[in-house]
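Engineer: Before I ask anything, let me first share the structure, which is written out below as structure tokens.
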């Protein structure tokens, strides 16, 4: 499998600074997105620390492990790196008064061969477009999601809830954190979208699908998504990371030769 990746981040129309952070390493298939929170610039510090730390540590491990790494190995490496990033942010928050209480959401993905190892904390999301079906493949760690799961509110009520941004899990807020990790099989043609809630709160799933299904470049789709979020109000920072999976051209050519085509 081959992966095309692009990212775009924007402060939105209301906030002066951007507390989101995004990064990817094409060689290792590592993708990261974080949405920081905290007073002053603390949210920006937390998200930047998370992305930089995991990009360096997990990126190094993936480079050393190479294709020999098993699913279990990648999962464990991801968990350890997230745990270490959590300690780093938590300690920084407790050693510097202006960073007190800072934290960040996180989505971290490792695309290798035909699999995705996906971890997340908080309400930043990952969606998958397969064929014409868009599916959210992460479940928010939020009060709103708990209310939905408990049958206390309906999906329609959730759309206008005042509890939309109250998360129940974040990186760096406590001395330990549990990252939810799941493995997904990747099919040729799949498009994956990681995003902060500045995008998912401002644009409907139907609009996301329409943009991702359009015949245009990945970069143009990212720009359209950010523009649509700003047109919807742009009340928060907006970040998106897109990944398009395609069949390896070398293997496809070999198969064609073997079949005499």
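Residue numbers (the numbering used here): 46 to 306. Note that beta-carbon positions come from the ideal geometry of N, C-alpha and C, so glycine has one too. Keep in mind it's a predicted model, so treat the numbers as computed, not measured.
For the structure I just gave you, are there three or more beta carbon pairs, one from the stretch 102-116 and one from the stretch 185-196, closer than 8 Å?
Structural biologist: Cβ pair count under 8 Å is below three, so no.
Engineer: According to DSSP, is residue 114 part of a helix, a strand, or is it coil?
Structural biologist: Looking at residue 114 - three-state DSSP - the assignment turns out to be coil, as it is neither helix nor strand.
Engineer: Quick check on the burial criterion: 16 or more other C-beta atoms within 10 angstroms. Buried or exposed for residue 165?
Structural biologist: Burial call: buried.
Engineer: Is the beta carbon of residue 100 less than 8 Å from the beta carbon of residue 77?
Structural biologist: For residue 100 and residue 77, yes; Cβs fall inside 8 Å.
Engineer: What ranges does the alpha helix (DSSP H) occupy inside the stretch 65-139, keeping only unbroken runs of at least 4 residues that lie completely in it?
Structural biologist: If we require 4 residues or more, the alpha helix (DSSP H) runs fully inside the stretch 65-139 come out as 87-110.
Engineer: In its own chain, which residues sit with a C-beta less than 6 Å from the C-beta of residue 154, not counting the 5 before and 5 after it?
Structural biologist: Contacts found: 76, 161, 163.
Engineer: Decide yes or no for the touch test of the stretch 173-188 against the stretch 211-225: beta carbon pairs closer than 8 Å, at least 3 of them.
Structural biologist: Contact holds: three or more Cβ-Cβ distances are below 8 Å.
Engineer: Residues bridged to residue 225 by DSSP?
Structural biologist: Residue 225 is bridged to 165.
Engineer: Give me the Cα-Cα distance between residue 167 and residue 149, rounded to the nearest whole angstrom.
Structural biologist: Looking at the two C-alpha atoms, the distance is approximately 8 Å.
Engineer: Can you tell me the Cβ-Cβ gap for residue 156 and residue 129, rounded? I've got them flagged as a contact below 8 Å.
Structural biologist: Actually they do not touch by this definition, with Cβ atoms about 22 Å apart.
Engineer: Could you give the C-beta distance for residue 89 and residue 131, rounded to a whole number, given that I count them as a contact under 8 Å?
Structural biologist: Contact doesn't hold; Cβ gap of about 17 Å is too wide.
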